[in-house]
Amino acid sequence: MNQEYAKLIIGDKTIELPVLNGTEGGKAVDISRLYEEHGLTTFDSSLANTAFCKSTITYIDGDEGILRYHGIPIEQFDRPKPNFVEVAYLLIFGKLPTTNELADFRTRLTDNELLHEGIRRQFNDLPPKSPPMAILSAMLSQLACYHEKFLPLGDDELFVEAVARLVSKARTIAAYSYRRSQGLPFTYPDPNMRYCANFLHMMFSIPHLQYTVSEAVEDALNLVLILHADHEQNCSTATVRVVGSARANLFASCAAGVSALWGPLHGGANVEVMRMLEGIHVGGMTPEDCLEAAKDKANPFRLYGFGHRVYKNYDPRAKILRAACDRVFAALKTPDPLLDIARKLEEIALADPYFIDRKLYPNVDFYSGILLRAMGIPTNMFTVVFALGRLPGWISQWKEQHDDAGQRIIRPRQLYTGNNLTHYVPIEDRE
Ligand code: CMC
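Residues in the sequence shown are numbered consecutively from 1493, following our numbering.
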């Protein structure tokens, strides 16, 4: 195919810029040599319109509401039985595993599920009310202290072993952060349990009472983790890439991803959704009040769980979660009034010109909290569960970048709008 160029006319100069083509028809104007060759930068506040890497992992069409992992539509991971470990393998290693590969990966996860006693003891010194996301970020970073041999990842076997440690230990750390907040003794992982069942066991079993994992809850957790597993260059994944581009190790890079995910405009939104729905339920606000507050520009409140930088259509993950809520509530026979409130809010928002004009639809966080609550997961653990799901995505994006020989340190430019040359004034001469 002939190289296509875009023309940039500036003053009396015409600059030709190569146009790059994605596999699904996306086009990007390549401006990477614009500064070196012409002394110009582009301005793109918050990188809203900048492709800052090439990636083969996840495809999103925000207008059509399409999400695919390595080409496979997200809907196909829902039934007949969602399997998070299989999807994690797909994302990290770029292919669906064979039976043997999946069994081997599971064994590696099981072999690495315990924490070093040094890490485990640290939980005791944390304040009981420590936010679990703070614990997760800190402890993922600390894995570097206990697994030094994985800091430079020279070969594929080291990478697989590092992945097994990260994915497995993150689950144990997550469960222990909850146990700490409840003042409960830690429950060791059970090597005979599958990934999600084992997480639920570590969260909820107590010494004299083993928690029985229901199939409906285990499936729902698998589904939630799968739906969160990757979402191309979102805030936390971009963070992981930025940190990783400095050749920071995998543990440190993913710990930075957790910190980014914690924010209420990103992974923390599911917590805000529950606060909002509970606020309506206890009678402080009606769904209509909530909508009016979200539309009021003088009010910082937003309709949490609505809107997305990329989706200008129904988020396909929200659609799957909405349907899953029906299945899980039917299986558990525990209706939740918050689900009815969410449905009502969705109905009135989707009919409101403010939301229609701005193409604001439910995103993944709108229904995920209700589902997690049905599974017995407490609100302060919602974003932690999101992080467990997103971990394979962060790892795969980190590795893709690590293996890209042409990758340079990520270092955006700015348009300086500060003082012109100003001189230092000694303190005694300042007014
Ligand atoms: N409620 C009310 N108004 C909204 C909302 C909302 N939830 N979302 C966007 N808007 C308005 C926004 O005020 C702006 O209005 P105007 O054009 O009049 O200034 C317009 O819609 C465009 O919004 P934006 O903030 O420029 O969009 P963005 O792409 O920068 O932000 C977002 C995307 C997800 C941060 C934003 O929609 C939002 O704050 N939503 C609520 C928080 C939320 O649910 N976050 C989870 C996102 S999905 C999972 C994840 O990424 O973790």
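Quick reminder that beta carbons are idealized off the backbone N, C-alpha and C, glycines included.
- In chain order, the residues positioned with their C-beta nearer than 6 Å to some heavy atom of ligand 1 are N1726, L1757, H1758, G1759, A1761, A1786, R1794, L1795, Y1796, G1797, F1798, G1799, H1800, R1801, R1850, L1852, N1855, V1856 and D1857.
- Each residue's CA atom was taken as its position, placing S1888 and Q1634 some 20 Å apart.
- Beta-bridge partners assigned by DSSP to A1520: L1512.
- Pairing G1868 with R1612, the inter-Cα distance amounts to about 24 Å.
- Assigned with DSSP and collapsed to three states, T1548 falls in coil, not helix or strand.
- For F1691 and L1769, the gap between their C-alpha atoms comes out near 27 Å.
- In this structure, the alpha-carbon of I1665 lies about 10 Å from that of A1630.
- As computed with DSSP, T1599 is found in no beta bridge at all.
- Counting C-beta pairs with one atom in each stretch, the region 1698-1710 and the region 1817-1836 have three or more that are closer than 8 Å, which means they touch.
- Taking a C-beta distance under 9 Å as the contact criterion, D1522 and L1532 do not qualify as a contact pair.
- A1654 and C1727 have their alpha carbons spaced roughly 24 Å apart.
- The alpha-carbon separation between Y1803 and N1855 amounts to approximately 8 Å.
- Taking a contact as a CB-CB distance under 8 Å, the pair T1602 and P1683 counts as one, their CB atoms being some 5 Å apart.
- For the pair F1743 and L1632, the CB atoms are nearer than the 9 Å cut-off.
- In the DSSP assignment, I1772 falls within the unbroken alpha helix (DSSP H) covering A1761 to H1773.
- Pairing V1659 with A1580 gives a Cβ-Cβ distance under 9 Å.
- Going by beta carbons, T1778 and G1749 fall outside the 9 Å limit.
- Between V1877 and the set L1715, A1786 and S1537, the nearest pair of CA atoms involves L1715.
- Between the alpha carbons of A1843 and L1650 lies a distance of about 53 Å.
- Residue pairing of P1884 in beta bridges, as defined by DSSP: absent, with no partner found.
- Positions of the alpha helix (DSSP H) runs, each at least 4 residues long and wholly inside the region 1599-1670, are given as 1609-1614 and 1624-1638 in order along the chain.
- Y1670 has its alpha-carbon roughly 29 Å from the corresponding atom of K1641.
- Here T1506 is bridged, per DSSP, to I1501.
- Under a 10 Å Cβ-count criterion, Q1725 is classified as buried, with 16 or more other Cβ atoms of the shown protein chains found around its own Cβ.
- Boundaries of the beta strand (DSSP E) around R1560: I1558 to Y1561.
- Nearest to A1816 by C-alpha distance, out of L1643, I1862 and T1515, is I1862.
- Straight-line measurement puts the Cα of A1897 at about 21 Å from the Cα of H1562.
- Spatial neighbours of D1711 in its own chain (CB-CB distance under 7 Å, excluding positions within 5 residues in sequence) are listed in chain order as K1573 and P1574.
- Contact between the region 1793-1812 and the region 1843-1853 is established, with three or more Cβ pairs separated by less than 8 Å.
- Its Cα nearest to that of G1755, the residue P1623 stands out among L1907, P1623 and T1591.
- Setting aside the 5 residues that flank it on each side, Y1796 is surrounded in the same chain by A1761, E1764, V1765 and M1768, each with a C-beta closer than 6 Å to its C-beta; the list follows chain order.
- Looking at the DSSP output, P1565 sits in a beta bridge with R1560.
- Taking 9 Å as the cut-off, the beta carbon of M1694 is found no closer than this to the beta carbon of P1677.
- A direct Cα-to-Cα measurement between Y1916 and S1751 gives close to 37 Å.
- In this chain, the alpha helix (DSSP H) harbouring P1808 covers P1808 to L1824.
- In its own chain, leaving out the 5 sequence neighbours on each side, no residue places its CB closer than 7 Å to the CB of N1592.
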